[in-house]
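Numbering (my numbering), first residue to last: 25 to 550.
Where a beta carbon is used, it is the ideal one built from N, C-alpha and C, also for glycine.
Small disclaimer: the values here were computed from a predicted structure and weren't measured.
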Amino acid sequence: MPHLPLAQLCLPPTATLHDALARLDATAQGILLVTDDQGRLLRTVTDGDLRRAALAGTPSTAPLSALPTAHAPHTVSLQASQRDVLALMDVQRIDHVPVVDAGGRAVDLVTRRELSQRVYLSSPHLGDDEVALVQEAFTSNWIAPLGPHVDAFERELAARVGVQHAAATSSGTAALHLGLRLLGVGPGDVVLCSSLTFVASANPIRQLGATPVFIDSEPQSWNLSPQALAAALEALRAEGITPKAAVVVNLYGQSAEMDAIAPLLERFGVPMLEDAAESLGATYRGRPSGSFGKLAVFSFNGNKIITTSGGGMLVGNDAALIEHARKLSTQAREPARHYEHIEDGYNYRLSNVLAGIGRGQLRVLDHRVQSRREVFAQYRDALGAVPGLRWMAEPEGHRSTRWLSAFVLEGDDAQARRDALLDFLERHNVEARPVWKPMHLQPLYAGCRYFAHAAQGNDGPPQVSLTPSGGGSAGRPSGPIPHDVSRALFEGGVCLPSGSNMSAAQRARVCELVTRGLGLAVRSAA
Ligand SMILES: *Cc1c(COP(=O)(O)O)cnc(C)c1O
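What follows is the structure, encoded as C-alpha cells:
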C-alpha cells in the first residue's frame, strides 16, 4: 500500500489512542498526522508514541491530546526539494516528513522508502541478445571501429525502416550534422526547423554557418504545423529565399503529418531531413517513421526507445549520399594507399562493439513499442478524468510508440500548476520533465525568425485546416487555440516516466502521485 490519500493518515486531537492504533494498522505507514479542524498539522503520532503511552498507563480511550507534548513536528514547505527532505530525515533521524502549505496545513507526506526507489523518465532496457553480440565482437577481436556488426546493424535498421541505405554514426547529432551537410547546407543558407524539439535538431544548422527559421507545432499532434510551414515558405519566397533544407522532427514517438508536409516542401523545392531520433518504431499511414525524408536520422542515445549507450544512424534511398556520409564520418579519406584528403571530414562512425548492442536492441524494438504504449494507456485510463489535462493526441493514420507519455495542462495558470506538479513529483523521487522548450524561446536562438501556427491576434480556430480531421478527440484542445502553440505546450506540458522496463507497481505509483500532485497543484496555484 505505497500511497494513500493523505486524509486517511489524518486524525483530529479528539480521536482516541485506540482509534490511532487501528488507523496505524490499516494505513501501515508508521505515522499519523494529528490535524485541527482547519487541517493544520498539530503533531505526528508514531507506533512508538502509542507504545510509550500504553507503558505509562494511559488508557486507550484517552484522546490523542492527552499524549505528552512532542517537539514541533519536523516539516518542509511545498517548495522543498527532495534533497531538503532527505537532509531533514538524516539530521532528525526520521523516516517521514510531512509537507505543509503556507497556512500550516498538512498537504503531503514524503517517506524514506520512496526516496530509495527512483522512477526514471526513460532508462535503458536491454534484451537477451546484446551481451552475446558484444561478446562476439570481443571474440572476433572486432573491437576497432567498423566491422561486421556495423554493416549488419546498418542493413537490419534500413530493412526495418523500409529504406535502402543506412550509415551508422556515433550519435544522432552527428547524423544530423552529416545529413545537413550532404544536402548542401552551408554559410548563408536558410534552413527550416521544427521549434518544439531538442536543441540537437537545430545546432548543426548554425554550426554549418546557416540560419535556422523555426516553425510552430499544430495543436493536436504537437508536431510541425503544416499551415505555419506554408506561411514560412511563402514569406521566404516573397523575399527571394529558398530554404536549403527543412528539419522535420517527429516528436515523442510520433510522426509529423507527412501527407501535408511532404508535398508542401516538394512544391517549394526544399528537401526534407527527417529527425526521427524519437520516433523509431512509429508508423504514419502504415509506413515506418524515418522513411519520409530525403534523409532521416535516428538516435540510440541512452534515453531513446532502443539504445547503444550512444549512437545514431543516417538513412535514405540515395546510395551516393549515404556512401558519402560513410566517407565523411571516417575523416573523408580518399581511396589511396597513403592518407589523402580533399574534403573536410569527421570522426563520426559508430564502433563495432556498440553496433552489436544495437543489433540486439533492434530485435526487441516491437516489444519496447508495445510496453511504452501500455504505459501510456495506463496513464490515460487512470488520469482520464482530470479536468484541464490534454494528452498528446494520436491522430487518425498515426501509430505512435509513445516514447514519452506527454500531456499539457491548459488554462491561465497552466505553468504554475505544471511547476507545482513537477516539484511534487521530484519530492517523491519521480523523474518527470517539462515538454521541450521551443527553440524560438531559447537564448541561444534569440532573434531567429519564427512562424506561429496561427497569425498573431487570431485567437479563434485556424482559418485553414491542413491536417486531416477526426480521431483522437481526447487530444483536441478544449479552449481557443493559442497563436503560439509550441509556447503553450512548453508552459503547460509534462512528460511522465515512460520506460519500457517500468514495473506495474511503479506505473501505479506514478498514476497515484500525478493525481495527488495535480490536486495539490490546483490548490497551491489558487
Ligand atoms: C535525442 C535527439 C537527438 C540527438 O540524438 P543524440 O544521439 O543524443 O545525439 C536529436 N533530435 C532529437 C529530436 C532528439 O530527441
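Cβ neighbours of residue i in the same chain (closer than 8 Å, five flanking residues each side left out)
{"i": "G326", "result": "S147, P148, S333, G334"}
{"i": "T539", "result": "A406, L407, V410"}
{"i": "Q103", "result": "D447"}
{"i": "L30", "result": "L57, A130, V131, D132, L133, R540"}
{"i": "T68", "result": "I55, L56, L57, V58, A94, P97, H120, P122"}
Same chain only: Cβ atoms within 6 Å of residue i, ignoring 5 sequence neighbours per side
{"i": "S424", "result": "G277, Q278, A306, E418"}
{"i": "E367", "result": "A356"}
{"i": "P236", "result": "V215, C217, A226, I229, C472"}
{"i": "L257", "result": "F292"}
{"i": "A320", "result": "E298, A300, G314, V339"}
{"i": "E178", "result": "A190, A192"}
{"i": "G369", "result": "L352, Q355, A356"}
{"i": "Y469", "result": "M463"}
{"i": "L181", "result": "A190, M337"}
{"i": "A270", "result": "L216, L289, V294, M296"}
Own chain residues within Cβ distance below 7 Å of residue i, not counting five before or after
{"i": "E450", "result": "S105, Q106"}
{"i": "H452", "result": "V134, E138, L537"}
{"i": "V454", "result": "V143, P521, V534, L537"}
{"i": "R511", "result": "P462, L465"}
{"i": "G412", "result": "L433, E434, G435"}
{"i": "I285", "result": "L248, P250, L253, V272"}
{"i": "G523", "result": "Y144, S146, S147, H149"}
{"i": "A554", "result": "Absent from the structure is residue 554, since the part of the chain shown begins at 25 and ends at 550."}
{"i": "V100", "result": "D108, V109, L112, V121, V123"}
{"i": "Q487", "result": "Reliability fails at Q487, whose pLDDT of 36 lies under 50, so the model's placement of it is uncertain and no value is given."}
{"i": "T70", "result": "G54, I55"}
{"i": "S493", "result": "Any answer about S493 is weak, because its pLDDT of 36 lies below 50 and its placement is not dependable; what the coordinates show is given next. So the list is empty, once near-sequence residues are dropped."}
{"i": "Q32", "result": "T51"}
Proximity test, residue i beta-carbon vs ligand 1 heavy atom, cut-off 6 Å
{"i": "T70", "result": "no"}
{"i": "F514", "result": "no"}
{"i": "F222", "result": "yes"}
{"i": "T425", "result": "no"}
{"i": "G336", "result": "yes"}
{"i": "G196", "result": "yes"}
{"i": "E298", "result": "no"}
{"i": "V271", "result": "no"}
{"i": "S323", "result": "yes"}
{"i": "A301", "result": "yes"}
{"i": "S241", "result": "no"}
{"i": "S225", "result": "yes"}
Would you check if the stretch 391-401 and the stretch 201-211 touch, i.e. whether three or more CB-CB distances between them fall below 8 Å? Note that the stretch 201-211 does not touch the stretch 391-401; fewer than 3 beta-carbon pairs, one per stretch, sit closer than 8 Å.
State whether the stretch 514-533 contacts the stretch 454-463, with contact taken as three or more CB pairs (one from each stretch) at a distance under 8 Å. Between the stretch 514-533 and the stretch 454-463 there are three or more inter-stretch CB-CB distances shorter than 8 Å, so the stretches are counted as touching.
Taking one C-beta from the stretch 347-358 and one from the stretch 290-307 each time, how about it: are there three or more such pairs within less than 8 Å? No, because fewer than three Cβ pairs between the stretch 347-358 and the stretch 290-307 fall closer than 8 Å, the two stretches do not touch.
Starting from the N-terminal side, write out each stretch of the alpha helix (DSSP H) that is 4 residues or longer and does not extend beyond the stretch 410-495. Qualifying alpha helix (DSSP H) stretches, in chain order: 438-451.
Is there contact between the stretch 214-228 and the stretch 380-388, where contact requires at least three CB pairs shorter than 8 Å? A contact is defined here as three or more CB-CB pairs under 8 Å, and the stretch 214-228 fails this definition with respect to the stretch 380-388.
Is the stretch 403-420 close to the stretch 256-268, with three or more CB pairs under 8 Å? Segment contact: the stretch 403-420 against the stretch 256-268, fewer than three CB-CB distances shorter than 8 Å; contact not assigned.
Within the stretch 80-141, note down every full beta strand (DSSP E) run reaching 3 residues or more, in order along the chain. If we require 3 residues or more, the beta strand (DSSP E) runs fully inside the stretch 80-141 come out as 120-124, 130-135.
Below 8 Å, can you find three or more Cβ-Cβ pairs linking the stretch 157-167 to the stretch 308-327? Judged by Cβ distances under 8 Å, the stretch 157-167 makes no contact with the stretch 308-327, as fewer than three pairs qualify.
Could you pull out every unbroken alpha helix (DSSP H) segment of at least 4 residues lying fully inside the stretch 223-272, listed in chain order? 227-231, 250-262, all fully within the stretch 223-272.
Please give me, in chain order, every unbroken run of the alpha helix (DSSP H) with length at least 4 that falls completely inside the stretch 363-393. Qualifying alpha helix (DSSP H) stretches, in chain order: 376-387.
Which ranges does the alpha helix (DSSP H) cover as unbroken runs of at least 4 residues, wholly within the stretch 163-201, from first to last along the chain? Listed in chain order, the complete alpha helix (DSSP H) runs (minimum 4 residues) inside the stretch 163-201 are 172-185.
Touch check for the stretch 113-129 and the stretch 78-93: three-plus C-beta pairs under 8 Å? Counting Cβ pairs under 8 Å, fewer than three are found: no touch.
For the stretch 370-378 against the stretch 186-201, are there 3 or more C-beta pairs whose distance is under 8 Å? Three or more Cβ pairs closer than 8 Å define a contact, and the stretch 370-378 meets that threshold against the stretch 186-201.
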